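Everything in the sequence shown is counted per my numbering, starting at 3 for the first residue and increasing by one.
Beta carbons are placed, not taken as given, at the ideal position from N, Cα and C, and that holds for glycine.
As the structure is a computational prediction, the values presented were derived from the model and not from experiment.
Everything below concerns the one structure shown next.
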Amino acid sequence: MSTEKLVYIETFGCQMNERDSEIMEQLLRQVDYLPTRELSRADLVVVNTCSIRAKAEQKVYSLLGRLKKIKDGKPGLIITVAGCVAQQEGERLPARMPQVDIVVGTQNIYRLPSLIKEVEAKRCSRVAVDLSPSFVIPRHLPSPPGAVVASASEKRPFKKFVTIMQGCNNFCTYCVVPHTRGREVSRDMDDILSEIQDLAGQGIKEVTLLGQNVNSYGKTSDTAGGRFPELLRKVAEIDGIQRIRFTTSHPKDLSDELMRCFVEVDKLCPSFHLPVQSGSNRVLKMMNRRYTIESYLDKVEALRKMLPEISLTTDIIVGFPGETDEDFSATMELLEQVRYHGAFSFKYSDRPLAKSTDFADKVPEDVKSARLARLQDRQDQINLELHQQHVGSCLTVMVEGRSSKTSRGQWSGRTDTNHVVNFTAEGLQAGQMVKIRIEEACLHSLRGSLAD
Ligand code: SAH
Ligand code: SF4
Ligand code: F3S
3 MSTEKLVYIE
13 TFGCQMNERD
23 SEIMEQLLRQ
33 VDYLPTRELS
43 RADLVVVNTC
53 SIRAKAEQKV
63 YSLLGRLKKI
73 KDGKPGLIIT
83 VAGCVAQQEG
93 ERLPARMPQV
103 DIVVGTQNIY
113 RLPSLIKEVE
123 AKRCSRVAVD
133 LSPSFVIPRH
143 LPSPPGAVVA
153 SASEKRPFKK
163 FVTIMQGCNN
173 FCTYCVVPHT
183 RGREVSRDMD
193 DILSEIQDLA
203 GQGIKEVTLL
213 GQNVNSYGKT
223 SDTAGGRFPE
233 LLRKVAEIDG
243 IQRIRFTTSH
253 PKDLSDELMR
263 CFVEVDKLCP
273 SFHLPVQSGS
283 NRVLKMMNRR
293 YTIESYLDKV
303 EALRKMLPEI
313 SLTTDIIVGF
323 PGETDEDFSA
333 TMELLEQVRY
343 HGAFSFKYSD
353 RPLAKSTDFA
363 DKVPEDVKSA
373 RLARLQDRQD
383 QINLELHQQH
393 VGSCLTVMVE
403 GRSSKTSRGQ
413 WSGRTDTNHV
423 VNFTAEGLQA
433 GQMVKIRIEE
443 ACLHSLRGSL
453 AD
């Protein structure tokens, strides 16, 4: 009789959580848990959580509520909470929610197999949430054959996230991440390169290098500027890898050397996520972002001078405590100045341990909502205007997969500038490069057909 059991993993939050879920999936295979997408069949559930805004955290509690009901009818079910809410709440989670068996913090995912063994043997609850500035990210596990196309990566068997560092030392006043991911720690460069070589050998063509602040990769007292450009150049030497992306970069640390990589490293895609957060210097100061709008715009200009086709995206928070109408107008003005290819925008949310939670002059909810709606409306128009400029041109697209489950021949892919392109064609494969003639501009994508 097989001893294999099933694990259901639910992932909230950023790409780093997605990558951590893949790592947990791989670790769990070693203790005979195979992934399933059917919650009702699971012997083990792992909820990998995000705490970036209050809403993200609420989603976790509502799922844990549903899981409690399932566990009432299936007492042997093991429930694990991982990720940033696990790190933030620690012991409080099983105390408040006895259905939770295991709490595993952001630096402790590697201990999951042994924690599960203990819980299976003793039916006790276990909490592992140590966070240490001297944490060393363990060496990667070579992927077993077939693992790349399983679960989380099912939809994109040709591209992968690779974590190069974790944690953050910046302490933006609104942000929970330095508290949930701890201090910046970088992975060993050889280990990163050998992981990417391994991926290339399995047919992966695109990698996205992940870190809360990649510009600080490899930063020590001897390498004050960090070693991120060096890492990029070495990744680019790996045969089989065709596209390299990375996220996220802090504007204050964007060096000339990194900018030059966009021109000099062929495989580095001309698309760049550079979170600005606000267009007002007064607000940026209260956020502890440590750059001014003028210096941010100078960097944007320098980048565009080097590489005019580079597409820029950003993150924006509206309604930070003390944000006035005038401050918000400065953010609206910034949209006109930069004309981003896309902006992720959020209403400010108080977070535990974040400094701004104690700031005065909180902006009322209805004002935040109105500002967000105005900002998103204008950004949508800009998206459309920028997309319209591509109509009639021919773009190179990496095929990602079918864009529609119902109608045959509908495909979706991305340009190197990260534009989503939908098109009609037959007999394609994910990961293939095709030329598409753009016929129509939509809000969040382009439409076209195969060029000859
Ligand atoms: N390390 C990255 C991203 C961190 S989180 C960076 O520095 O850009 C992703 C985005 O969530 C942030 O850029 C910010 O725009 C948003 N965010 C973070 N904390 C928030 C909060 N308390 N309320 C609303 N949005 C927040
Ligand atoms: Fe949060 Fe700021 Fe660090 Fe980004 S740089 S993770 S916003 S503290
Ligand atoms: Fe969320 Fe933690 Fe990522 S708070 S955004 S999962 S680093």
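How many angstroms separate the CA atom of residue i from the CA atom of residue j?
{"i": "N171", "j": "G429", "result": "48 Å"}
{"i": "I243", "j": "P323", "result": "44 Å"}
{"i": "I240", "j": "F173", "result": "35 Å"}
{"i": "M18", "j": "G213", "result": "7 Å"}
{"i": "P135", "j": "T222", "result": "13 Å"}
{"i": "A356", "j": "K349", "result": "15 Å"}
{"i": "I295", "j": "G281", "result": "6 Å"}
{"i": "L201", "j": "F274", "result": "23 Å"}
{"i": "R376", "j": "S351", "result": "18 Å"}
{"i": "V216", "j": "P77", "result": "43 Å"}
{"i": "Y35", "j": "R125", "result": "18 Å"}
{"i": "Y63", "j": "L95", "result": "10 Å"}
{"i": "A326", "j": "K119", "result": "For clarity, residue 326 is Thr in the given sequence; the question names Ala instead. Whole-angstrom Cα-Cα distance: 54 Å."}
{"i": "L448", "j": "I72", "result": "43 Å"}
{"i": "V209", "j": "L386", "result": "28 Å"}
{"i": "K61", "j": "C177", "result": "18 Å"}
{"i": "T316", "j": "R380", "result": "14 Å"}
{"i": "S116", "j": "V9", "result": "15 Å"}
{"i": "P310", "j": "P100", "result": "56 Å"}
{"i": "V365", "j": "N283", "result": "18 Å"}
{"i": "R404", "j": "K207", "result": "18 Å"}
{"i": "L452", "j": "L256", "result": "37 Å"}
{"i": "K236", "j": "G92", "result": "39 Å"}
{"i": "E367", "j": "K7", "result": "46 Å"}
{"i": "K287", "j": "K162", "result": "36 Å"}
{"i": "E328", "j": "A97", "result": "45 Å"}
{"i": "G85", "j": "L397", "result": "38 Å"}
Let's see if you can read the secondary structure: which residues bound the alpha helix (DSSP H) around residue i?
{"i": "R373", "result": "E367 to Q390"}
{"i": "S23", "result": "Q17 to R31"}
{"i": "N283", "result": "N283 to M288"}
{"i": "A460", "result": "With the chain running from 3 to 454 in the structure shown, residue 460 is simply not present."}
{"i": "R183", "result": "V179 to R183"}
{"i": "G67", "result": "A56 to G75"}
{"i": "A202", "result": "M191 to G203"}
{"i": "K221", "result": "Element bounds for K221: n/a, residue is neither H nor E."}
{"i": "R1", "result": "This structure cannot speak to residue 1, because the chain is shown only from 3 to 454."}
{"i": "Y298", "result": "I295 to M308"}
{"i": "E338", "result": "D327 to V340"}
{"i": "F230", "result": "F230 to A238"}
{"i": "S116", "result": "L114 to K124"}
Return the first residue and the last residue of the beta strand (DSSP E) that residue i is part of.
{"i": "L133", "result": "Per DSSP, L133 belongs to no beta strand (DSSP E) and is neither H nor E."}
{"i": "L260", "result": "First-last for L260: D258 to E266, but that is the alpha helix (DSSP H), not the beta strand (DSSP E)."}
{"i": "I104", "result": "I104 to V106"}
{"i": "T165", "result": "K161 to T165"}
{"i": "T249", "result": "R245 to T249"}
{"i": "L211", "result": "E208 to L212"}
Kindly give me the distance between the Cβ atoms of residue i and residue j, rounded to whole angstroms, as I take these residues to be in contact under 8 Å.
{"i": "F160", "j": "A345", "result": "So it is not a contact: roughly 28 Å between Cβ atoms."}
{"i": "V399", "j": "A443", "result": "That belief does not hold up - the Cβ atoms of V399 and A443 are roughly 15 Å apart, past 8 Å."}
{"i": "L195", "j": "V278", "result": "About 32 Å; that fails the 8 Å criterion."}
{"i": "I318", "j": "T333", "result": "6 Å"}
{"i": "D132", "j": "Q168", "result": "Going by Cβ atoms, the distance from D132 to Q168 rounds to 14 Å, so no, they are not a contact pair."}
{"i": "K370", "j": "V320", "result": "6 Å"}
{"i": "S218", "j": "E197", "result": "Not confirmed; about 20 Å, so no contact."}
{"i": "I104", "j": "I80", "result": "7 Å"}
{"i": "L46", "j": "T82", "result": "7 Å"}
{"i": "I139", "j": "L211", "result": "Not a contact, Cβ separation roughly 14 Å."}
{"i": "A88", "j": "R113", "result": "Rounded, the Cβ-Cβ distance is 12 Å, inconsistent with contact."}
{"i": "S409", "j": "I440", "result": "Their Cβ separation, rounded to whole angstroms, is 20 Å, which puts S409 and I440 out of contact at 8 Å."}
{"i": "V49", "j": "L29", "result": "No, V49 and L29 are not in contact; Cβ-Cβ is about 16 Å, not under 8 Å."}
When DSSP builds the beta bridges, which residues end up paired with residue i?
{"i": "D317", "result": "F346"}
{"i": "N50", "result": "T13 and A84"}
{"i": "T398", "result": "K437"}
{"i": "V422", "result": "R416"}
{"i": "Y35", "result": "K7"}
{"i": "Q279", "result": "I318"}
{"i": "R449", "result": "N424 and E442"}
{"i": "V187", "result": "Q168"}
{"i": "G403", "result": "S414"}
{"i": "F274", "result": "L314"}
Residues passing the C-beta test against the ligand SF4 heavy atoms, cut-off 6 Å: C170, N172, F173, C174, C177, V179, P180, Q214, N215 and H252
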